[in-house]
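K.L.:
To start, I am sharing the structure in question, which I have written as structure tokens.
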Amino acid sequence: MRRWRQKIVLQALITIALFVGASETKAQSLGGFLDSLNNQKPSQNGGQSQEQSQSPSQTIKNLFGDINPKSDTSDGQDKNRGGGFNLGKVVGKVFDAHHNTILGPMGRYYLGRKLSAHVLGRYATLPQSDLRTKYVRSIVLTLLAASNYAGNHKEPLVIILRDKSVINAFSAPGNFVFISTGMLDFVRNEDELAFVLAHEVAHVELDHGLNAVKSKQGTDIVKDVAGNAFPGLGGVLGNMMGYMENGFSADLEGEADRRGAELAAKAGYNARAGVNVIRRLEKSHGHQHAKGYPKDRTSIVAKVANASSQVSEKLVQIRSRRFDEIIRNK
Amino acid sequence: MHFVSRFKIGIFLLSLPVIMSTNVALGFERLNVGDTVFVACKNIFIHTKPSVFSERIKTLKFGESLNITGLKKLFTLPASDASSKETLEREEEDSAEQEEREIRPVPPESYTRASWLQFANGYSPASCFVTKQLMKTQTPEKVKQRVNALSAGQAKRNFSEDEKGDMTAMRGVAGKAKGAQANYEKVDKLIEENQKNLDIENFEVFRKNGRLGEFR
């Protein structure tokens, strides 16, 4: 229903745009363009799939390129006359942003591999055969089994970064999970470590990586529009977009905290350990938590912990012992 | 400003929310009973129960097609998803206001997804299955093209030259991740090592000793 309504509105907009001035637009572009919108059926023209035909922006540029009466002028002339606003280019960028974030399991894995390659260019790592890597990996796999994302294109990859000065963990689409030796020193037991890792697994499960890319591209595009079409308002809108970006990130982080606590509890860990680790992180990283993270992280996690079944202290201690053996080498 | 230019900007601004909301769910495709789906993972099995800890009956091959006979372990999409309950309700409220009608309830099937799919001979995790249309894109060449296009967009904005841009999709529990010159050789080596170090028996002992997973 919703998709049909969107299609009708979009088709109406295209018709208007074509009517205004796209007299030279090739009719064959429309099939590919609409295919790129609904992403459901093969192209009508020649039976080519969406992938085999032109990219959305290319098609849209074809469609909208001619509606600008000054389209045959140089860039410099455009700026002088019309504020440099190129409708086809901007709409094309929006569609590109949408098109390129539909990746599927294999695409997410390749995106994660690419991001991971950048991380690995900076840090030394522990080997996959190291006991610590195997141990952290077991925790991640236990958490993943509790998630809605139990299947992955290839086996999830857990990497320990050899850097004691960095207290962090992060993840990339396709289940690439990183944790620094600094963070392994920072957490006090397996349940705390599990919460840190669960937060990362939650980012992967909830597809926050792609959401962030999409959001970033969306706001960049709007900044472009604001800057080019409304030069006087560009800065104000730019700041607003920056605020939106940071607010959105805080929402995603809050969502990952909540879901991370749920996953930890579902796997059998004490979700309350998350409250402890966040408190200490806020003490040591105070300045970093002022931006991009929700202010009430501990209460988000505490709420989930209170609703979850209690985990006995004895169990936490049993797990803590193996944590000390493997991570602290005690 | 020329009338046509203003008209074009008007069309664009009107269309922007529509374009941005024309969203095939990012993480979770909507799949239904009766749909034919395709395996998009390299290591995936048919299990006796909708749990990774249950017995594995069969190994599925990448690209294999199956028919869905049931949806298991349904969950509500997160608020950040374009098809979440919150987003759909907001859209419905806007539509009802514009069309001057009563607000209709959003059907739960619009914002819920299955984490496991049931097939004729067992169960498998839904995150490994895609529709025919999405399966056409699941080749290394095509996905690399899309992934590179994402990075190229950022490169234009001078982000990929330092660690900032390429790390947009990766945020840490305690701050932004930092990257550098990509080292694909190293990541591929780790992926290979990882495959060699899979140890299912020890993993079970780990869960059993820690009273985790199915042993909790």
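Line by line, the protein sequences are chains A and B.
Residues -3 to 326 (my numbering) are what the first sequence spells out, left to right.
Residues 130 to 345 (my numbering) are what the second sequence spells out, left to right.
Virtual Cβ for every residue (Gly too), placed ideally from N, Cα, C.
Does DSSP put A/HIS149 in a helix, in a strand, or in coil?
P.N.:
coil
K.L.:
Which one of B/SER224, B/PHE182, B/PHE191 has the shortest CA to CA distance from A/THR138?
P.N.:
Nearest option by C-alpha distance: B/PHE182.
K.L.:
Taking 7 angstroms as the limit between beta carbons, can you name the residues of its chain near A/ASP181, skipping five residues before and five after?
P.N.:
LYS160
K.L.:
Is there a C-beta anywhere in chain A that falls below 8 angstroms from the one on B/GLU290?
P.N.:
Low per-residue confidence applies at B/GLU290: pLDDT is 31, beneath 50, and the placement is therefore not dependable, though the value from the model is reported in the following sentence. Judged by the 8 angstroms Cβ criterion, B/GLU290 is not in contact with chain A.
K.L.:
Using a Cβ-Cβ cutoff of less than 8 angstroms, which residues in the same chain neighbour B/ILE173 once the five nearest sequence positions on both sides are dropped?
P.N.:
Cβ within range, chain order: THR188, LEU189, SER253, PRO254, CYS257.
K.L.:
Taking only the alpha-carbon atoms, compute the straight-line gap between A/ASP187 and A/SER316 and give it to the nearest angstrom.
P.N.:
Between the alpha carbons of A/ASP187 and A/SER316 lies a distance of about 8 angstroms.
K.L.:
Measure the Cβ-Cβ separation of A/ALA257 and A/VAL300 and say whether it is below 8 angstroms.
P.N.:
yes
K.L.:
Once you ignore the five residues that flank A/VAL271 on each side, which residues in its own chain have a CB closer than 8 angstroms to its CB?
P.N.:
THR294, VAL297, ALA298, ALA301
K.L.:
Determine the closest residue to A/GLY264 out of A/ASP126, A/ILE135, A/ARG128, A/SER125, with distance taken between C-alpha atoms.
P.N.:
A/ILE135
K.L.:
Less than 8 angstroms between the C-beta atoms of B/ALA249 and A/PRO101, yes or no?
P.N.:
no
K.L.:
I need the DSSP call for B/ILE173, collapsed to helix, strand or coil.
P.N.:
Three-state DSSP puts B/ILE173 in a strand.
K.L.:
Using a Cβ-Cβ cut-off of 7 angstroms (strictly less than) and excluding sequence neighbours within five positions of A/VAL232, which residues of its own chain qualify?
P.N.:
Note that A/VAL232 scores a pLDDT of 29, beneath 50, so its modelled location is shaky; the value from the coordinates is reported in the next line. Residues of the same chain with a CB within less than 7 angstroms of the CB of A/VAL232, apart from the 5 flanking positions on each side, do not exist.
K.L.:
Assuming A/LEU116 and B/VAL276 make a contact with CB atoms under 8 angstroms, what is their CB distance in whole Å?
P.N.:
Incorrect: roughly 17 angstroms between the Cβ atoms, too far for contact.
K.L.:
Name the chain B residues whose beta carbon is nearer than 9 angstroms to that of A/LYS150?
P.N.:
CYS170, LYS171, ASN172, ILE320, ASN323, GLN324
K.L.:
Rounded C-beta distance between A/ALA142 and A/LYS310? I'm assuming under 8 angstroms.
P.N.:
At roughly 22 angstroms, the Cβ-Cβ gap does not stay under 8 angstroms, so A/ALA142 and A/LYS310 are not in contact.
K.L.:
Put A/LYS125 into one of helix, strand or coil per three-state DSSP.
P.N.:
A small correction: the amino acid at residue 125 of chain A is Ser; Lys does not occupy that position in the sequence shown. Correct three-state label for A/SER125: coil.
K.L.:
Establish whether the CB of B/ARG275 and some CB of chain A are separated by less than 8 angstroms.
P.N.:
yes
K.L.:
Distance, Cα to Cα, A/GLU196 vs A/VAL132?
P.N.:
13 angstroms
K.L.:
Apply the 10 Å Cβ neighbour rule to A/PHE166 and answer buried if 16 or more other Cβ atoms are within range, or exposed otherwise.
P.N.:
buried
K.L.:
Give, in chain order, every unbroken run of the alpha helix (DSSP H) that is at least 4 residues long and sits entirely within the region 219 to 262 of chain B.
P.N.:
237 to 240
K.L.:
Whose Cβ in chain A lies nearer than 7 angstroms to the Cβ of B/ASN312?
P.N.:
ALA113, LEU116, GLY117
K.L.:
Any beta carbon of chain B sitting closer than 8 angstroms to that of A/GLY103?
P.N.:
yes
K.L.:
Classify B/GLU198 as helix, strand or coil using the three-state DSSP reduction.
P.N.:
In the sequence as presented, Glu is not what sits at residue 198 of chain B; that position holds Thr. Note: B/THR198 maps to coil in three-state DSSP.
K.L.:
Locate the alpha helix (DSSP H) running through A/PHE191, then write down its first and last residues.
P.N.:
186 to 201
K.L.:
Within the continuous beta strand (DSSP E) that includes A/ILE296, where are the two ends?
P.N.:
Note, A/ILE296: premise wrong, no beta strand (DSSP E); alpha helix (DSSP H) at 293 to 303.
K.L.:
Mind pulling the chain B residues with CB within less than 9 angstroms of A/PRO290?
P.N.:
Correct list: empty, because the minimum Cβ distance to chain B is about 13 angstroms.
K.L.:
Does the beta carbon of A/ASP68 sit closer than 8 angstroms to a beta carbon anywhere in chain B?
P.N.:
Bear in mind that a pLDDT of 33 at A/ASP68, under 50, signals an unreliable position, so the number given afterwards is only what the model happens to contain. No, its Cβ sits nowhere closer than 8 angstroms to a Cβ of chain B.
K.L.:
Nearest chain B C-beta to A/ASN207 closer than 8 angstroms, yes or no?
P.N.:
yes
K.L.:
Using a C-beta to C-beta distance shorter than 9 angstroms, which residues of chain B count as neighbours of A/ASP247?
P.N.:
ALA208, SER209
K.L.:
Sorted by chain position, which residues of the same chain lie with C-beta nearer than 8 angstroms to A/ALA146's C-beta, five sequence neighbours on each side aside?
P.N.:
LEU140, listed in sequence order.
K.L.:
Mark A/LYS326 as exposed unless 16 or more other C-beta atoms lie within 10 angstroms of its C-beta, in which case mark it buried.
P.N.:
exposed
K.L.:
Using DSSP's beta-bridge definition, name the partner residues of B/ARG185.
P.N.:
B/HIS176
K.L.:
Give a yes or no on whether 8 angstroms exceeds the smallest Cβ distance from B/PHE332 to chain A.
P.N.:
yes
K.L.:
Within the 8 angstroms Cβ cut-off, does A/LEU122 reach chain B?
P.N.:
no
K.L.:
Does chain A have any CB closer than 8 angstroms to the CB of B/SER244?
P.N.:
Output row for B/SER244: interface = yes.
K.L.:
Using CA atoms only, rank isn't needed, just tell me which of A/THR177, A/VAL183, A/ILE155, A/SER176 is closest to B/GLU322.
P.N.:
A/ILE155
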